[in-house]
Each structure stands twice: as C-alpha cells, then as structure tokens.
Amino acid sequence: MRVLVVDDDAQIVRAMRINLRARGYEVDTAADGAGALEAAARRAPDIVLLDLGLPDMEGIEVIEGLRGWSAVPIIVLSARHSAGEKVRALDAGADDYVTKPFGMDELLARLRAAARRAVRVEEAPVVRTATFTVDLGAKRVLRDGGEVRLTPTEWHILEILVRNAGRLVSQRQLLHDVWGPAYQSETNYLRVYLAQLRRKLEADPAHPRHLITEAGMGYRFEPGEPPTEQG
Numbered sequence: 001m002r003v004l005v006v007d008d009d010a011q012i013v014r015a016m017r018i019n020l021r022a023r024g025y026e027v028d029t030a031a032d033g034a035g036a037l038e039a040a041a042r043r044a045p046d047i048v049l050l051d052l053g054l055p056d057m058e059g060i061e062v063i064e065g066l067r068g069w070s071a072v073p074i075i076v077l078s079a080r081h082s083a084g085e086k087v088r089a090l091d092a093g094a095d096d097y098v099t100k101p102f103g104m105d106e107l108l109a110r111l112r113a114a115a116r117r118a119v120r121v122e123e124a125p126v127v128r129t130a131t132f133t134v135d136l137g138a139k140r141v142l143r144d145g146g147e148v149r150l151t152p153t154e155w156h157i158l159e160i161l162v163r164n165a166g167r168l169v170s171q172r173q174l175l176h177d178v179w180g181p182a183y184q185s186e187t188n189y190l191r192v193y194l195a196q197l198r199r200k201l202e203a204d205p206a207h208p209r210h211l212i213t214e215a216g217m218g219y220r221f222e223p224g225e226p227p228t229e230q231g
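If you're matching positions, the sequence shown starts at 1 in UniProt numbering and goes up one per residue.
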C-alpha cells in the first residue's frame, strides 16, 4: 500500500516515513500543495496523510484538487483543533481528521480503518451489504431476491453515499448535489429521505447498520460485511 505524506515539517515527515516503512508501507512525500498534487498524479497513492498548513496553499485546496479526479482516502493531520476547521476539511472531501500531536498507534489504526473502508467503485460497480445489494451500473437495488423501488431522489442520495463508501458526506454537499445550491440549508429534506431509505433497505431502520447519521455533520454509507455464500 502506497501512502503519500504531505507536510512541510521535515522532522514529522522523517518520523512518518520511518514508522510507515517499518510496517510495510511504501511512502512518497511532498512538502507543499503543488508537490502533493504532482506526486499523486505521478504515482497514485492508496491513502493521503495531509497537513492543512502548507507554505504555498491551504490543505483544503489540496483536498479539493484531489477530489476533482480521485476518491483516494484522505486523512488530515493538523494542529488546528476548532470544529469549524474540521467541518471545512470534511466538507471538502477529507475522510478523517487527526489533531496534532498524535500517537503513532492511533494514526496507524485510523490508516488501517480508512483502507478497509475504501471501495473502488470502478472495480466493484456492485456493492453488497448483509441486507441489500446496490448495482451502480444498472441503477437498481435488490433485497430479499427482489428489486426495491426507489424514487429518483432516493436513488440519487443513495448513489452519492455508496460512491463515497466509508466517507462522511456532509449535509451541505448532499443538498447541493441532489437539489442544488439554493437548498443547502434544508436539512429537513435529508432527514425525510434518509428515513425513507432506511425503511426500505435497513433490517432495523431504528438502528441502521449501513446508512449512518453523523450528528450535525452528514451521513456515511458503511457496507459492512457482505453475506457469505453457502454451498
């Protein structure tokens, strides 16, 4: 697995390189935003560890640049502790946010979790959960051997969440992508439609396993373990 470490602190980069390589990761590094985007384009990483305070541009711009063409998991590493900074990073497309200083064991655990959650939709257009199956190519959902009838809006929301499996999709982003920029504060729309999707797809809608709410922030699709085939 290839990790791209983006930080202008040479000591942090050195420590990360040593620790990651010792655990079998391949490591590329960049000291600024332009270098990060160039490195990611040259050799696609499996995970990006990104500092927000870069000398040439904000880390948020790097996230937005990567998200223009890549679904690679991005873990932000930053000394900025405010909730606003975290929300900005997650809204831009980051998958996780770790505040400095951090323990290497915690970072490695988060890195492993991000790798597990990453779903390459290009390689797996059919995403299976223990309860239902989403066929992104055919634009349909199957459950208990039959097709689940979804409205166009329900499908659009589900498709966005599934294509970002394991990543938080902010309320604002969902509202923008489904209804348009004029609706970015209409969070009640999402509550209604997520409730409908859970009734149709979750085994226990009151305790969802796959369509998860991150209170006050957004929603996350967790595939979980697909059913094992018998025979």
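Glycine included, C-beta positions come from ideal geometry on N, C-alpha and C.
So, residue i versus residue j, is the Cβ gap smaller than 8 Å?
| i | j | result |
| --- | --- | --- |
| R2 | D46 | yes |
| I74 | V98 | no |
| A36 | V13 | no |
| L52 | A15 | no |
| L211 | L201 | yes |
| I63 | L50 | yes |
| E159 | L136 | yes |
| V27 | M217 | no |
| A39 | A31 | no |
| D96 | A83 | no |
List the DSSP bridge partners of residue i.
| i | result |
| --- | --- |
| G53 | E58 |
| V134 | V127 and V141 |
| G146 | R143 |
| L4 | D28 and V48 |
| S78 | T99 |
Helix, strand or coil for residue i per DSSP?
| i | result |
| --- | --- |
| T187 | helix |
| R116 | helix |
| R220 | strand |
| G180 | coil |
| D28 | strand |
| L168 | coil |
| V98 | strand |
| T151 | coil |
| E214 | strand |
| P226 | The pLDDT assigned to P226 is 43, lower than 50, so where the model puts this residue is not dependable; a value taken from the coordinates is nonetheless given after this. Note: P226 maps to coil in three-state DSSP. |
| G65 | helix |
| V72 | coil |
| D105 | helix |
| R21 | helix |
| D9 | coil |
| R42 | helix |
How long is the line joining the alpha carbons of residue i and residue j, rounded to whole angstroms?
| i | j | result |
| --- | --- | --- |
| V72 | G145 | 33 Å |
| L194 | L77 | 31 Å |
| A92 | A22 | 31 Å |
| G18 | A94 | The displayed chain sequence assigns Ile, not Gly, to residue 18. Distance between the alpha carbons of I18 and A94 is about 24 Å. |
| L197 | Q11 | 47 Å |
| D56 | E222 | 35 Å |
| L168 | S185 | 18 Å |
| F102 | L108 | 10 Å |
| E122 | R67 | Residue placement at E122 is poorly supported in this model, since its pLDDT is 46, which falls under 50; the coordinates still yield a value, given next. When rounded, the distance between both Cα atoms is 15 Å. |
| G59 | S170 | 18 Å |
| D9 | V134 | 43 Å |
| G180 | K139 | 21 Å |
| L20 | S70 | 22 Å |
| R43 | L4 | 9 Å |
Using 8 Å as the limit for Cβ to Cβ distance, is residue i near chain C?
| i | result |
| --- | --- |
| L49 | Here there is only one protein chain, and chain C is not present. |
- Message: Using a Cβ distance threshold of 8 Å, determine whether the segment 129-138 contacts the segment 175-184, with at least three qualifying pairs required.
- Response: Taking a contact to require three or more Cβ pairs closer than 8 Å, the segment 129-138 and the segment 175-184 do not qualify as touching.
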